[in-house]
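For reference, the structure discussed in these notes is given below.
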Amino acid sequence: MRKWKVLYQWTWLNELLRGEGRGDYGAFARCICGHPACQRGKAEVRCKDCDGCEGYATACMVRDHLRNPLHRRWNWGEGCYDRTTLKDLGLSVHLCRELHPDLICPHPRRAPGKSFVVMDSNGIHDVDLFYCDCGKGPSYPTQLLRMRWLPSTGKLPRTAATF
14 MRKWKVLYQW
24 TWLNELLRGE
34 GRGDYGAFAR
44 CICGHPACQR
54 GKAEVRCKDC
64 DGCEGYATAC
74 MVRDHLRNPL
84 HRRWNWGEGC
94 YDRTTLKDLG
104 LSVHLCRELH
114 PDLICPHPRR
124 APGKSFVVMD
134 SNGIHDVDLF
144 YCDCGKGPSY
154 PTQLLRMRWL
164 PSTGKLPRTA
174 ATF
């Protein structure tokens with residue numbers, strides 16, 4: 014342990030702290046996603062669950078996480094990252110798209126209450142959720158199960174846990 018302390022302590026500590034900040038991307042104030050629709054906006058958001066320390070514009074983060082709504086996001090401000098949610102960034106999860114990727118349900122139904130809560134291995138998430146209510150989709154609990162979210166009730170769930 015003494016040898017590790019002498020050889021690695023400060024290098025490892027510096028790397029851990031670097032990862033909590035902007036890392037090598039501190040000088041890059043613009044989004045680096047490379048998507049054709051990207052306007053190279055201000056790099057103000059990063060994902061804790063994706064690899065790297067890259068910063069993205071809010072719109073790019075939302076677009077790139079449509080299928081990963083439970084990833085943890087951090088918003089850069091005042092010299093540090095603060096936790097935020099995709100709901101706060103404007104993402105809504107439409108279960109209709111999970112059922113029929115090429116179709117957008119003409120009658121989505123927002124989950125009851127102010128928020129839908131999903132418990133995952135990486136935390137508890139507040140999600141803006143819409144069920145497919147056009148008559149072509151399965152029951153609301155079945156829609157959640159197909160998302161691999163275990164519903165809390167068999168009628169109109171407000172909470173789910175991942176599996």
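First residue of the sequence shown? That's 14 in our numbering, and the numbers climb one at a time after it.
For glycine and all other residues, C-beta sits at the position ideal for the given N, C-alpha and C.
- Around the Cβ of TRP162, a 10 Å sphere holds 16 or more other Cβ atoms; the residue is buried.
- Its Cα nearest to that of ASP95, the residue GLU57 stands out among GLU28, ALA124, PHE176, GLU57.
- A direct Cα-to-Cα measurement between HIS120 and TRP23 gives close to 57 Å.
- Apart from sequence neighbours up to five positions away, no residue of its chain approaches CYS63 with a beta-carbon distance below 6 Å.
- A straight line joining the alpha-carbon of GLY126 with that of TYR69 spans about 31 Å.
- Checking the DSSP bridge columns, you'll see THR97 partnered with ARG86.
- Assigned with DSSP and collapsed to three states, MET74 falls in helix.
- Counting along the chain, PRO164 sits inside the beta strand (DSSP E) bounded by residues 162 to 164.
- Of the other Cβ atoms in all chains shown, 16 or more fall within 10 Å of the Cβ of GLN156; this residue is therefore buried.
- Taking every protein chain shown into account, the CB of ASP101 has fewer than 16 other CB atoms within 10 angstroms, so this residue is exposed.
- Only buried fits TYR144, as 16 or more other CB atoms lie within 10 angstroms of its CB.
- Membership of PRO121 in the beta strand (DSSP E) is indicated by the continuous run 121 to 123.
- Note that the C-beta distance between GLY54 and CYS44 is below 8 Å.
- Under the three-state reduction of DSSP output, CYS147 falls in the coil class, being neither helix nor strand.
- When C-alpha distances from ARG59 are compared across ASN88, PHE129, ARG80, the shortest belongs to ASN88.
- Our two residues, CYS109 and ALA174, have alpha carbons roughly 19 Å apart in a direct line.
- Comparing alpha-carbon positions, the option among GLY90, LEU99, THR71 lying closest to ARG80 turns out to be LEU99.
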